[in-house]
Each structure stands twice: as C-alpha cells, then as structure tokens.
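The sequence shown begins at 347 in the numbering used here and counts up one residue at a time.
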Amino acid sequence: SVLGGENALAELPSGFLAFPVSPDFGWYQVLVFYPLIVGLPYLVGPDIYSRVLCARDENAARRAALTAAGMVVVLSFGLALLGILIRACFPGLRPEGALPEAVMALAPAGLKGLIVAGLLGAIMSSADTTLISAATILSRNVVSPLVNGALGGGGPTRLCPDRQLTLTRVLVVAVGAVAWSISAFHQGIIASLLLAYTVFVGGVVLPTLASFWRERLGVTSSGALWAVVLGGGCAVLGSLGGGTVLAGVLGEGGTALLERALGPGWASLFPLPVSALALLGISRLGSPNR
C-alpha cells in the first residue's frame, strides 16, 4: 500500500509487465546478450572464487553455490517487483535513481541512514575484492610477463616479490582512478556495469576457463596473455563512442558482417571470438611456456 496502493500497477506504461520479453527487451537479450555479458562473469568472478575458496571442503562449496544461486533467483524477482512498484509511484524516474528516491521518500527517518550504510557496505565489500583482483591480474599476468619478455627471460616473471607487491599497489591506485573516471563519465550504474562486464568477459573469462583444461587444450601462458590483451583491448574499443571507434577500425563491410553474425550487440560480443582466437592460435604457434 505504501508503494502506490491497489492502483499502482495500472499507472505503468503498456507492456511494462510483459515477461520474459517486452517491446524493449527481446529474445536476443534474454538468450544471447545478457547470458554472455552478465552470466559468464559468474563463472570466473574473483568475488565468487574468493568465497568458494573459503569453504571447508568441496561438498560445502557445492551446497553453498547451489543455495546462493537459488537465493539470487528469488531476490531477483523480488527486486524486479520492487522496481516496478517504484516506477509506478515515480513515473519518469531514471533506473539508477529508483532506489535512492524510494529510500528518501518512503523509508522512516530513523532508518534512512541505516539503509544507506547497508547499501554502501554491500557495494564496498564487492568493490574492494574486484579492485584488488583486477590489479593482481594486471600485475602478475599482464605487466610481469611483458616485462619478462622485454628482458628476454624464460620464467614467468623477473620481478622480485617486493617489486611485484609495489607494482600491484600502484596498479590498485591506477585501476581505482580509471574506475572513478569511467563512473564519472557514464553517470549511470547500469551503463558502467555493462562496460565493466564487457571488458571482463572479453579479456579474462576465456583464458580463466581454459586454465582448468590447460593440458587438454594445449593452452600456453603466452596465449592466455595475448587473449587478455587483445580481447580486453577490443572490448575497450567497442565501448568507445557506442562502438563507433571499433566500427571505424573494422570498416563498413566488417561491421555489417559482425552485426549479421552477432546481432545488435556485436560490439560487446566481438571480443569473445577475438580472445578465443588469440588464446588458441598463439598457444599453437608459440613455444609452450607452461
């Protein structure tokens, strides 16, 4: 009753309650785009792994993962319903402003600060894990191998532990600054999340998954490194100017071909085949460095 009473849903635009597809959200988004861009990070997300590795044993990790997945489904429907009701109460509200507006307008005065503190705590608990993980990946799996290659080394890294730690700390600050700049530029949580997912999927997902079957696939560290660099680089290019920069690089013919093959979200999905080709191709051409 607080969120608009019994007539709240009647105030929604036509087609707003359509499920699972709507005029603005079709089968391509349901079956292709979002499962790949948003779903794949759950397979290799550092925040997921950090929790799984804390489990007592394999059975505990499996039970926790299945329980959490079930809870996510229930919470997702609950949050979607909450968003629908907020939209009915505040027509024309931007999606990013729905929860803050609802908290300020509907929450009791004594609970507003507690709710905001809880939201910030939830965000920070994932943000610090992601920030440290991103800096560690760049330090150990990208920068160190490149430095080693420039120095002609044959091992995984020439950096001593102290220098490796210093490099990681510097990259934490650098990645944080880049993240802050992106968030200031996009001015929207959803757009920023999709950008982060696109870069993460294009550069990190396939090399990480392939590492589980490294011997069977014949994947080398050089192939994984260039999959991260080339896949992530294409993801960055695809995000600039809404894909216009990547379209300019590929040309009109290449852009049309990719759009027919990958659909309207081709700029976000194109890094995946680039990463796969780099991972397998360079692993086959280069000498093994296991």
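Even glycine gets a Cβ: it sits at the ideal position worked out from N, Cα and C.
Buried or exposed for residue i, going by 16 or more other Cβ atoms inside 10 Å?
i: P491; result: buried
i: C580; result: buried
i: V620; result: buried
i: V524; result: exposed
i: G611; result: buried
i: W572; result: buried
i: L596; result: buried
In angstroms, rounded to a whole number, what distance separates the CA positions of residue i and residue j?
i: G391; j: I478; result: 12 angstroms
i: L517; j: P437; result: 42 angstroms
i: P369; j: L618; result: 27 angstroms
i: P359; j: N405; result: 47 angstroms
i: G500; j: N494; result: Only weak support is given to the placement of G500: the predicted model assigns it a pLDDT of 49, under 50, and the value that follows is read from those uncertain coordinates. Rounded to whole angstroms, G500 to N494 spans 7 angstroms at the Cα level.
i: G522; j: T514; result: 12 angstroms
For the alpha helix (DSSP H) that residue i lies in, which residues bound it at each end?
i: R408; result: E404 to C435
i: R397; result: P392 to V398
i: D474; result: A455 to I483
i: G569; result: S567 to S585
Can you tell me whether DSSP reads residue i as helix, strand or coil?
i: S360; result: coil
i: F616; result: coil
i: F558; result: helix
i: F371; result: strand
i: L386; result: coil
i: R509; result: helix
i: F379; result: helix
i: F365; result: coil
On a CA-only basis, which of the options is nearest residue i? Give me that one, please.
i: A622; options: G464, T554, T482 and F365; result: T554
i: G589; options: A407, F423, L511 and S614; result: S614
i: F362; options: I430, Y380 and S538; result: I430
i: R408; options: V420, V419 and Y395; result: Y395
i: I383; options: V547, V575 and R630; result: V547
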